[in-house]
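2 protein chains.
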Amino acid sequence: MVAEIICVGTELLLGDILNSNAQFLGQQLAQLGIPHYYQTVVGDNPERLKKVIEIASKRSQLLIFTGGLGPTPDDLTVETIADFFGSPLIEKPEIIEDITQKFTQRGRVMSASNRKQALIPEGAEILTNLTGTAPGIIWKPRGDNLTILTFPGVPAELYQMWRDVAIPYLKNNGWCQGIIQSRTLKFWGIAESTLAEKVAPFLEMKNPTVAPYANHGEVKLRISARAESQELAQQLITPVETQLREIAGLDCYGAHEDTLASVVGALLQKSRATLSVAESCTGGGLGQMLTQIPGSSDYFLGGVIAYGNAVKTSVLGVNLDDLTQQGAVSSIVAQQMALGVKTLLKTNWGLSITGIAGPGGGTATKPVGLVYIGLATPNGQVESLECRFGQTRGRDWIRRGSASSALDLLRRHLS
Amino acid sequence: MVAEIICVGTELLLGDILNSNAQFLGQQLAQLGIPHYYQTVVGDNPERLKKVIEIASKRSQLLIFTGGLGPTPDDLTVETIADFFGSPLIEKPEIIEDITQKFTQRGRVMSASNRKQALIPEGAEILTNLTGTAPGIIWKPRGDNLTILTFPGVPAELYQMWRDVAIPYLKNNGWCQGIIQSRTLKFWGIAESTLAEKVAPFLEMKNPTVAPYANHGEVKLRISARAESQELAQQLITPVETQLREIAGLDCYGAHEDTLASVVGALLQKSRATLSVAESCTGGGLGQMLTQIPGSSDYFLGGVIAYGNAVKTSVLGVNLDDLTQQGAVSSIVAQQMALGVKTLLKTNWGLSITGIAGPGGGTATKPVGLVYIGLATPNGQVESLECRFGQTRGRDWIRRGSASSALDLLRRHLS
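Sequences listed follow chains A and B, in order.
Take the first sequence: its position 294, counted from the start at 1, is 294 in the UniProt record's numbering, and no numbers get skipped.
Take the second sequence: its position 118, counted from the start at 1, is 118 in the UniProt record's numbering, and no numbers get skipped.
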């Protein structure tokens, strides 16, 4: 029983978008223990799509399609699949109803072209799309030896439909022979190479395997166990996780779905403390990270985006002499920003960021990538951390890295 | 004369890495005007790779392989291709010499396993790799009706070899019949289906083609022209772009690399005006978007993240009675937030967002997805916009959509 991924979309062939859906599905199939040997990308062209279906349906038993479910004329996936297997398309009133409802919720009226999204092959089940208008299908066009799943190309919709519908379906229909379970530990403040050396023997293990990853300054260790059941896989993973956490200490900030913001949030909630932020070069990115967490209003009261220097002095009360003498990107200004916002918003903690994100604005003494993080503690003390992200990283990287480093500084204080 | 992309690597099937090579090659082929209809990903498995070669060599005349050129036993691309076409492998002394040299430069000795990288099919040319040890090949295994190019999976090496060797080769061998040039128009405030209906006749065009796609509330129209030269392609695109812009009016906010933030930034700069923001449910996301643009400090002074209601009243001067009677998510509070931040930061414009991003906090009268955007204009007038994103979108979508809608409101005022 082998799966195959077929991504439909001329924009993929033209390279207008990166095929992240194939990566997502590949990871998911691996975790479910469903082997897949081929991935195909084909444009919005019925004849070529049919050729792909012909090839894939001979060598694989589970065909997973993404893309081409939209309302526009070039969205042809479902009708082409139906046509290939010689099945008529049936309009499903429940889909019409669902689409109409979604448009109403958004204060819009369903356009005629959306009607085509309600057409699915005879005998196919609806693969419900909770977020978007395009539903997918679950269809066995020729009995039990071939199953077809279709998903929209929009990643967020694919993820939700895969998680809520596809995974349960595949598990209940005997697709998952044994499973591969993974647990990802997350680290901040340690280089991938350094961590890899610290845990070198683990990287040689066969089951579970331990593999390091790094992106945007965050380092991850993925522990993957192959076993008959989730319980048995967990029994393989847990002791390894425990040992890795011991070795890494505070550099390991969490696992799996944890983010620096969610971990900091949990710690603040536990200590019944409140936080405010003062942001210069991140321009709101730190607050944005913190408020990604539902319920963050329990501990995060808000902040000041002090992008211009006038805001630093007038709103946050940064000392003008310090600002002019030390410069906006300095330890003293970072500390005064943190204390200023803590005082203004009456919070227990105040966290600040000021730095040079580039591409312009760097000097010999203060290069692009130099960032100061300020922290004002509940007892009124202030401190700062100097980060040098280097000039090659790029503006987005430096801004994201700055916000993460700020969260990490607070995390270590709260831990 | 059609090309096809074949990416070899089990790590791609497992989703350990994103297939950015396919995107790069897709863009490159489009720019060179070489049509390609299929992309295939296959693991490091000779039998399956042979099946892929068999299929691809029947339907395409230029096969571009990436991956599987390394020194390790699982790198099998070249020998599998040679095997499929029944050609022996020849060890090329110049490759051995090149690899040895590269190791010496790095103060290392060539390992035995690297020897296999010097083996290429009889009659194949070497596709020189300046940076890495793995060379590619240019090979016509059965005369002029099939050309094979192989590249390493390492993106940097692929890019250099493609630029320095492949492009000149393809141009000199008559592969580049004209070029394909694309231009993408970007829209906000109109549904994909609605726009598609407005421009329906254009979607039927053959050259240039016009294709719509949508992501996170943003709709795009891609105009792609095939022509002998960039100039001629531009001549096909320009009139269509003009007509589409006329039909769409202000719903079209820009093209190509434009973002709502960059367009708003340019308009503010043009009018020498300054902006500040007051954010509740977006928690800094609007400021973060604005400051993604280098040089945004020319017009964006900063803002207040008024996540807690106390901050709305104490820092932004929102009227407590209005807040308690109308609620934090209301038109009046949005307006007072906008006016408050404009006054506090002494800017020409003040832009605010207050809404319910969910998943919690929704009521019958104020459901999740209800967002009010406030705008204070240079002459001191205030207005607000009500958005209903629906309850199914999810927190991140609603927050991103809110920030984009706020930028769009300001954009329409500045336009």
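Where a beta carbon is used, it is the ideal one built from N, C-alpha and C, also for glycine.
Taking the continuous beta strand (DSSP E) assigned at residue i, which residues delimit it?
i: L49/B; result: It is not in any beta strand (DSSP E) - L49/B instead sits in the alpha helix (DSSP H) that spans P46 to R59.
i: R388/A; result: V382 to R388
i: W349/A; result: W349 to G355
i: Y307/B; result: It is not in any beta strand (DSSP E) - Y307/B carries neither H nor E in the DSSP assignment.
i: N215/B; result: T209 to N215
i: R142/B; result: P141 to D144
i: R222/B; result: E218 to A227
i: P121/B; result: L119 to P121
i: S182/A; result: I179 to F187
i: E125/A; result: E125 to L127
i: T150/A; result: T147 to F151
i: A134/B; result: Run containing A134/B: none; DSSP gives neither H nor E here.
i: S112/A; result: According to the sequence as given, residue 112/A is Ala; it is not Ser. Taken as a continuous stretch (DSSP letters only), A112/A belongs to no beta strand (DSSP E), as it is neither H nor E.
Evaluate residue i with the Cβ neighbour count: other Cβ atoms within 10 Å of its Cβ, from every protein chain shown; 16 or more gives buried, anything less gives exposed.
i: A56/A; result: buried
i: E228/A; result: exposed
i: I90/B; result: exposed
i: R395/B; result: buried
i: Q105/B; result: exposed
i: A112/B; result: exposed
i: F101/B; result: Note that residue 101/B corresponds to Gln in the displayed sequence, not to Phe. Q101/B comes out exposed.
i: P239/A; result: exposed
i: R183/B; result: buried
i: T392/A; result: exposed
i: V52/B; result: buried
i: N145/A; result: exposed
So the alpha helix (DSSP H) residue i belongs to, where does it begin and stop?
i: S193/A; result: E192 to K198
i: K92/B; result: Note, K92/B: premise wrong, no alpha helix (DSSP H); not H, not E.
i: A338/A; result: S331 to L345
i: A403/A; result: R395 to L414
i: A82/A; result: T77 to F84
i: A156/B; result: P155 to M161
i: L62/A; result: Note, L62/A: premise wrong, no alpha helix (DSSP H); beta strand (DSSP E) at L62 to T66.
i: L320/B; result: L320 to Q326
i: L170/A; result: I167 to N172
Would residue i pass as an interface residue toward chain A - the criterion being a Cβ-Cβ separation below 8 Å?
i: L344/B; result: yes
i: F24/B; result: yes
i: W349/B; result: no
i: T194/B; result: yes
i: P359/B; result: yes
i: P201/B; result: no
i: V368/B; result: no
i: T131/B; result: no
i: Y213/B; result: yes
i: A191/B; result: yes
Give a yes or no on whether 8 Å exceeds the smallest Cβ distance from residue i to chain B.
i: R395/A; result: yes
i: H36/A; result: yes
i: N19/A; result: yes
i: G340/A; result: no
i: I356/A; result: no
i: Q177/A; result: no
i: G223/A; result: It is Ile, not Gly, that sits at residue 223/A in the sequence shown. Not one chain B Cβ lies under 8 Å of I223/A.
i: G374/A; result: no
i: I53/A; result: no
i: Q308/A; result: It should be pointed out that residue 308/A corresponds to Gly in this sequence rather than to Gln. So yes, G308/A belongs to the interface.
Using a Cβ cut-off of 8 Å (strictly closer), state whether residue i contacts chain E.
i: F389/B; result: No chain E is part of this structure, whose protein chains are labelled A and B.
Legend entry - Runs of beta strand (DSSP E) lying entirely within the stretch 1-42 of chain A, each at least 3 residues, in chain order: 3-8 and 36-42
Legend entry - Contacting positions in the stretch 285-304 of chain B - beta carbon closer than 9 Å to chain A: G285, L286, G287, Q288, M289, L290, T291, Q292, P294, G295, S296, S297, F300, L301, G302, G303 and V304
Legend entry - Where the stretch 97-124 of chain A meets chain B: residues whose CB sits under 7 Å from a CB there: K102, Q105, R106, G107, R108, S111, S113 and N114
Inset, instruction - Give, in chain order, every unbroken run of the alpha helix (DSSP H) that is at least 4 residues long and sits entirely within the stretch 230-315 of chain A. - result: 230-248, 260-270, 285-290 and 309-314
Legend entry - Residues within the stretch 57-88 of chain A neighbouring chain B, beta-carbon criterion of under 8 Å: R59, G70, P71, T72, P73 and D74
Inset, instruction - Compile a chain-ordered list of the residues in the stretch 238-258 of chain A whose CB is closer than 7 Å to at least one CB of chain B. - result: none
Inset, instruction - For the stretch 39-51 of chain A, enumerate the residues whose C-beta is nearer than 8 Å to any C-beta of chain B, in chain order. - result: Q39, T40, V41, V42, G43, D44, N45, R48 and K51
Inset, instruction - Taking a Cβ distance cut-off of 9 Å, strictly less, list which residues of the stretch 1-17 of chain A are near chain B, in chain order. - result: I5, C7, G9, T10, E11, L12, L13, L14, G15, D16 and I17
Inset, instruction - With 7 Å as the C-beta to C-beta threshold (strictly closer), list the residues of the stretch 137-156 of chain A near chain B in chain order. - result: V154 and A156
Legend entry - Residues of the stretch 262-283 of chain A whose Cβ lies closer than 9 Å to any Cβ of chain B, in chain order: T274, S276, V277, E279, S280, C281, T282 and G283
Inset, instruction - Compile a chain-ordered list of the residues in the stretch 155-172 of chain B whose CB is closer than 8 Å to at least one CB of chain A. - result: none
Inset, instruction - Could you run through the stretch 314-327 of chain A and flag, in chain order, every residue whose CB is less than 9 Å away from some CB of chain B? - result: S314 and V315
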